[in-house]
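Read the structure below first, then the notes.
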Amino acid sequence: MNQSFNITRFQRMLKFYIAEYRRSYLITLALMVGGMLLLMSPILATERYNDLLYGLHISSIFVVILGSSLFTGTAFSAYNNPSQGIPALMLPASRLEKFLVIWLANLLFVVLVAGIFYYLHHGLIYLANQDMTPTVQHYWPLPSEVFGFIGFSYFLLQGACFLGSLYFTKNAFIKTLGVLMLALVLAFGFNLFLAYQFTGTPDHINTFPFTFWDVLEGRHYRVVFPSSVSTLTKVFLAGVVIALWAITYVRLKEKEI
Numbered sequence: 008m009n010q011s012f013n014i015t016r017f018q019r020m021l022k023f024y025i026a027e028y029r030r031s032y033l034i035t036l037a038l039m040v041g042g043m044l045l046l047m048s049p050i051l052a053t054e055r056y057n058d059l060l061y062g063l064h065i066s067s068i069f070v071v072i073l074g075s076s077l078f079t080g081t082a083f084s085a086y087n088n089p090s091q092g093i094p095a096l097m098l099p100a101s102r103l104e105k106f107l108v109i110w111l112a113n114l115l116f117v118v119l120v121a122g123i124f125y126y127l128h129h130g131l132i133y134l135a136n137q138d139m140t141p142t143v144q145h146y147w148p149l150p151s152e153v154f155g156f157i158g159f160s161y162f163l164l165q166g167a168c169f170l171g172s173l174y175f176t177k178n179a180f181i182k183t184l185g186v187l188m189l190a191l192v193l194a195f196g197f198n199l200f201l202a203y204q205f206t207g208t209p210d211h212i213n214t215f216p217f218t219f220w221d222v223l224e225g226r227h228y229r230v231v232f233p234s235s236v237s238t239l240t241k242v243f244l245a246g247v248v249i250a251l252w253a254i255t256y257v258r259l260k261e262k263e264i
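Using this note's numbering, the final residue of the sequence shown is 264, and nothing's skipped along the way.
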């Protein structure tokens, strides 16, 4: 098979993939949207602010993260057993075309899920606040900084699960999750270590990697990165996601059943 990219073969491969997996995508999407609505909509049931309902509303983000990660973790499952892997490798398309079809379908899916969460979050909070009087406490959407952190974390997680689905032949999601947990502990630990070192060991610090530092030392202080550093951080994280996709493609080129 010619391993160069051919747009006609790619279109045929994309149509074949959609026909093969359309039902799985639709069922997964419906379950995730249903789960989000189940957790997010109770804030509409009361006319006063409720911490428990707001916490339930915010917790729906775990439906997005876990559901998308589980689904991404099956992206290359067909290549991990002989009964499906051999026919997948024998399809009349180049490795690049096969990779791009799976990558594109998965990327569109995770972006769609994230977009649905974003608009449901803002839309339902807006509707909940409509029934409240101006004098009572209202619901507030998550700050843009938090959404930025969640967004980058989300796509880093998807990139890692995408690679893990091909790299690990058995229990791919569990093994990927184990590696990610280790990386997460190291990242949080190192970030906290730097924060305490640079601020002179204050009473308490709340911080996430690549975000601001909330420092408590008699008074509350917020240490933020300069805009140039924030931009470089975003470029670096985007580069990590692209690198994970690229490594997945290299792994697919070397894949043997």
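C-beta atoms are modelled at their ideal positions from N, C-alpha and C, and glycine is treated no differently. Since this is a predicted model, take the numbers as computed values, not measurements.
If contacts are defined as beta-carbon pairs under 8 Å, then residue 82 and residue 113 qualify, I think. What distance do you get, rounded to the angstrom? The pair is a contact, with the Cβ atoms about 5 Å apart (cut-off 8 Å).
Where residue 147 falls: helix, strand or coil (DSSP): In the structure shown, the three-state DSSP call for residue 147 is coil.
With DSSP as the reference, label residue 125 as helix, strand or coil. Residue 125: helix per DSSP, three-state reduction.
What separation, rounded to the nearest whole angstrom, lies between the Cα atoms of residue 193 and residue 140? For residue 193 and residue 140, the distance between alpha carbons rounds to 46 Å.
Proximity winner among 44, 176 and 34, relative to residue 130 (alpha-carbon distances): Distances from the alpha-carbon of residue 130 to those of 44, 176 and 34 put 44 closest.
Using the three-state DSSP reduction, which class does residue 222 fall into: helix, strand or coil? Annotated three-state conformation of residue 222 is strand, per DSSP.
Looking at the structure shown, is residue 214 part of a helix, part of a strand, or coil, going by DSSP? Three-state DSSP puts residue 214 in a strand.
Through-space distance from residue 251 to residue 210, alpha-carbon basis: Taking the straight line from one Cα to the other gives about 38 Å.
Use the C-beta contact count for residue 147: other C-beta atoms within 10 angstroms, 16 or more gives buried, fewer gives exposed. Exposed, by the Cβ-count rule.
Tell me whether the stretch 100–108 and the stretch 48–65 touch, counting them as touching only if at least three CB pairs, one residue from each stretch, are closer than 8 Å. Judged by Cβ distances under 8 Å, the stretch 100–108 makes no contact with the stretch 48–65, as fewer than three pairs qualify.
For residue 24, does the three-state DSSP call read helix, strand or coil? Helix.
Given residue 61 as reference, the closest of 128, 19 and 33 once Cα atoms are compared: For residue 61, the nearest C-alpha among the options comes from 128.
Less than 8 Å between the beta carbons of residue 258 and residue 174, yes or no? For residue 258 and residue 174, yes; Cβs fall inside 8 Å.
Given that a residue counts as buried once 16 or more other Cβ atoms are within 10 Å of its Cβ, and exposed if not, what is residue 53? The residue in question, residue 53, is exposed, as its Cβ has fewer than 16 Cβ neighbours within 10 Å.
How is residue 55 classed by DSSP in three states: helix, strand or coil? Secondary structure at residue 55: coil, using DSSP grouped into helix, strand and coil.
Give me, in chain order, the residues of the same chain whose beta-carbon lies closer than 7 Å to that of residue 182; leave out the 5 immediate sequence neighbours on both sides. Counting only Cβ-Cβ distances below 7 Å, and skipping sequence neighbours, we find 171 and 175.
Among the candidates 50, 40 and 253, whose CA atom is the shortest distance from the CA of residue 69? If we check each option's Cα against that of residue 69, 40 comes out closest.
With DSSP run on the structure shown, which of helix, strand or coil describes residue 40? Helix, per DSSP.
As a quick exercise: from 185, 188, 77 and 217, pick the residue whose alpha carbon is nearest that of residue 1. Outside the shown range of the chain, which is 8 to 264, sits residue 1, and nothing can be said about it.
Under the three-state DSSP convention, the category residue 231 falls into: DSSP, reduced to helix, strand and coil, places residue 231 outside both helices and strands of the structure shown, so it counts as coil.
Can you tell me whether residue 249 is buried or exposed, with buried defined as 16 or more other CB within 10 angstroms of its CB? Taking every protein chain shown into account, the CB of residue 249 has fewer than 16 other CB atoms within 10 angstroms, so this residue is exposed.
Among 74, 244 and 109, which has the Cα closest to the Cα of residue 26? By alpha-carbon distance to residue 26, the top candidate from 74, 244 and 109 is 109.
Sub-8 Å separation of residue 205 and residue 152 beta-carbons: It is not a contact, given that the beta carbons lie outside the stated cut-off.
Measuring CB to CB, does residue 77 end up less than 8 Å from residue 180? In terms of Cβ geometry, residue 77 and residue 180 form a close pair [threshold 8 Å].
Please state if the CB of residue 124 and the CB of residue 71 are separated by a distance shorter than 8 Å. In this structure, residue 124 lies closer than 8 Å to residue 71 by Cβ.
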